[in-house]
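Comments concern the structure below.
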Ligand code: ATP
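Numbering (our numbering), first residue to last: 1408 to 1875.
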């Protein structure tokens, strides 16, 4: 296959109705994206799969949907008001603005170096040290090559707004930058109402907002995105075993939804890279067209968050273990990932260009069938067959409740190609013989093999094809 670049993904996404640039008719709004009919299906299928693996198939886990707007004290307790900032530097020569930590990472990736500031601790605060580190190691501006920087400034990533009807007099509140804190503040509610015993996990899918300094790479880093997070509460001392368990579980889920293991890697954080409250963290990284980058983070967060909320709220968020008659503040393992970032990975990983014959190229999205926006397409060979085949289409809709396409416009070859490009695993062709032999042709997206199947056997034939 020819080299995959982001332009090909962006162009297919727009052309076929996965992702459009946001506010396009008004000239756009930088780094915002709208998800079209196929994009919504893809995102929903990703969320369904995560929900199924992390919640439905795990009896110990449950789900929450907490508010986006929370009391600002939550963000004081979590450390986001004080520390959730990125170190921002400007190139004095070309005026481009960078995130100092990412700039070092990108430099390392590009130059196969391992430059690493000593005081790096996850969300570290910008300091003169960082400035000196970049300048003395000659980590140059990637736009103009200069080594002439402003000193780093801390830039808080939380979006601020006001709650209340009188402008200027309302209470300052924030759009949540992660879904996790909604889980921590509901720990006691959930534990007591659901009578869960430790260990158990609370999962949440929802929007988060970060005023990123360097958004970009299509939907990789945006200011508005959805997260799928779980906080798994366990007994202190058992957390590292659970950390390994959820790390492998998460990684296997990525393999399960069809991501090629050659494009995935796990990167354990070094001791001096760990956030101060974490005793183990691993990133799952993917090989994007622009290089390796984070897909998902799995962190052992100790009892930091619950303790912070206990201290600031004055409420008892500890757990009483009936069997051992002991009280403790649970430790927490958190797998956290973005829905749209996962969608980008899925699109990049599934994208294939196949050379067919002399000068023909077939673009095919080899999506896991369960993630495909259309599971099946019903295609009458000729317009005259539309009425009969439409009946079959309606019957399939009723039987499966899937998103199924019906398309009777254009040549059959063109219709196959359109469905290859959007990843439809099976095309069902209804031809003139179908009227007589009550059979249809089922074409497989990847092999392009065609099979004749009796219509009465079609439901059974399709039923087993979409499992994880
Ligand atoms: P980065 O270092 O890339 O900014 P992070 O380490 O701050 O990310 P986390 O806070 O660990 O990210 O967030 C967990 C997950 O949420 C990430 O692995 C990613 O999948 C997703 N995510 C975070 N920020 C964004 C964003 N701005 N746009 C899209 N997805 C995001």
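The beta-carbon is built from N, C-alpha and C at its ideal position, and this holds for glycine as well.
Any contact of the stretch 1699-1712 with the stretch 1743-1755, i.e. 3+ C-beta pairs under 8 Å? yes
Three Cβ pairs or more, each shorter than 8 Å: is that satisfied between the stretch 1557-1566 and the stretch 1491-1505? yes
Residue(s) in a DSSP beta bridge with residue 1760: Numbered from its first residue, the chain shown carries residue 1760 at position 353. According to DSSP, which records beta bridges pairwise, residue 1760 is partnered with 1770.
Alpha helix (DSSP H) containing residue 1420: first to last residue? Here residue 1420 corresponds to residue number 13 of the chain shown, with the count starting at 1. From DSSP, the alpha helix (DSSP H) with residue 1420 extends over 1413-1422.
According to DSSP, which residues form a beta bridge with residue 1726? Along the chain shown, read from residue 1 onward, the residue named residue 1726 stands at position 319. Answer is 1735.
Which residues mark the beginning and the end of the beta strand (DSSP E) in which residue 1846 is found? Here residue 1846 corresponds to residue number 439 of the chain shown, with the count starting at 1. Run containing residue 1846: 1846-1851, per the beta strand (DSSP E) assignment.
Closest to residue 1686 by CA distance: which of 1739, 1655, 1435, 1699 is it? Taking the first residue of the chain shown as 1, we reach residue 1686 at position 279. Taking only the C-alpha atoms, the option nearest residue 1686 is 1739.
Going by DSSP in three states, residue 1608 sits in which element: helix, strand or coil? Position 201 of the chain shown, counted from the start, is the residue given in the question as residue 1608. Three-state result, residue 1608: strand.
Considering only residues of the same chain and omitting the five flanking positions on each side of residue 1864, which have a CB-CB separation below 6 Å? The count along the chain shown starts at 1 and reaches residue 1864 at position 457. Cβ within range, chain order: n/a, list empty.
Can you tell me the Cα-Cα spacing of residue 1357 and residue 1457, whole angstroms? Residue 1357 cannot be examined here, being either before or after the span of the chain that is shown, 1408 to 1875.
What separation, rounded to the nearest whole angstrom, lies between the Cα atoms of residue 1797 and residue 1813? By one-based count along the chain shown, residue 1797 stands at place 390. By one-based count along the chain shown, residue 1813 stands at place 406. Their Cα atoms are separated by approximately 7 Å.
Could you name the residues of the same chain whose beta carbon sits closer than 6 Å to that of residue 1507, not counting the 5 residues immediately before and after it, in chain order? The count along the chain shown starts at 1 and reaches residue 1507 at position 100. So the qualifying residues of the chain are 1494, 1496, 1537, 1559.
Counted within 10 angstroms of its Cβ, other Cβ atoms place residue 1801 as buried (16 or more) or exposed: Numbered from its first residue, the chain shown carries residue 1801 at position 394. Exposed, since its Cβ has fewer than 16 Cβ neighbours within 10 Å.
How far does the alpha helix (DSSP H) with residue 1801 in it reach, from first residue to last? What you label residue 1801 is simply residue 394 of the chain shown in a count that begins at 1. Here the alpha helix (DSSP H) through residue 1801 covers 1793-1807.
Would the beta-carbon of residue 1909 fall within 7 Å of that of residue 1416? It is not possible to answer for residue 1909, since the shown part of the chain is limited to 1408 through 1875.
Quick one: what's residue 1468 bridged to in DSSP? The sequence position of residue 1468 within the chain shown is 61, counting from 1. Bridge partners of residue 1468: 1608.
Can you give me the C-alpha to C-alpha distance between residue 1420 and residue 1439, rounded to a whole angstrom? Locating residue 1420 in the chain shown gives position 13, where the first residue counts as 1. Locating residue 1439 in the chain shown gives position 32, where the first residue counts as 1. Roughly 14 Å between the two C-alpha positions.
Can you name the residues that DSSP bridges to residue 1542? Sequence index remark: in the chain shown, residue 1542 carries index 135 (1-based). Per DSSP, none; premise fails for residue 1542.
Using the C-alpha atoms, what's the distance from residue 1683 back to residue 1677? As a working note, residue 1677 is residue 270 in the chain shown. As a working note, residue 1683 is residue 276 in the chain shown. Distance between the alpha carbons of residue 1677 and residue 1683 is about 12 Å.
Could you give the distance in angstroms between the alpha-carbon of residue 1598 and the alpha-carbon of residue 1546? Counted from its first residue, the chain shown places residue 1598 at position 191. Counted from its first residue, the chain shown places residue 1546 at position 139. Roughly 49 Å separates the two Cα atoms.
Residue 1815 versus residue 1835: straight-line alpha-carbon distance, rounded: As a position in the chain shown, residue 1815 is number 408, starting the count at 1. As a position in the chain shown, residue 1835 is number 428, starting the count at 1. Answer to the nearest angstrom: the Cα atoms are 12 Å apart.
Let's see if you can read the secondary structure: which residues bound the beta strand (DSSP E) around residue 1505? Taking the chain shown and counting its residues from 1, one reaches residue 1505 at position 98. Where residue 1505 is concerned, the enclosing beta strand (DSSP E) stretches over 1504-1506.
To which residues of the same chain is residue 1763 closer than 8 Å at the C-beta, ignoring the five residues directly before and after it? In the chain shown, counting from the first residue as 1, residue 1763 sits at position 356. So the list reads 1769, once near-sequence residues are dropped.
Can you list, in chain order, the residues of its chain whose CB lies under 6 Å from that of residue 1771, leaving out five sequence neighbours each side? Locating residue 1771 in the chain shown gives position 364, counting from the first residue. Excluding residues within five positions, the ones whose Cβ falls inside 6 Å are 1759, 1827.
Hey, would you say the C-beta of residue 1743 is under 6 Å away from at least one heavy atom of ligand 1? For this step, residue 1743 is matched to residue 336 along the chain shown. Within the cutoff, so yes.
Just tell me which of 1720, 1820, 1634 has its CA closest to the CA of residue 1472. Mapped onto the chain shown, residue 1472 falls at position 65. The shortest Cα separation from residue 1472 among 1720, 1820, 1634 belongs to 1634.
Quick check on DSSP: helix, strand or coil for residue 1530? To locate residue 1530, count along the chain shown from 1; it is residue 123. Summary for residue 1530: the model assigns pLDDT 46, below 50, so the residue's position carries little reliability; its value from the coordinates is reported in the next sentence. It is coil, neither helix nor strand.
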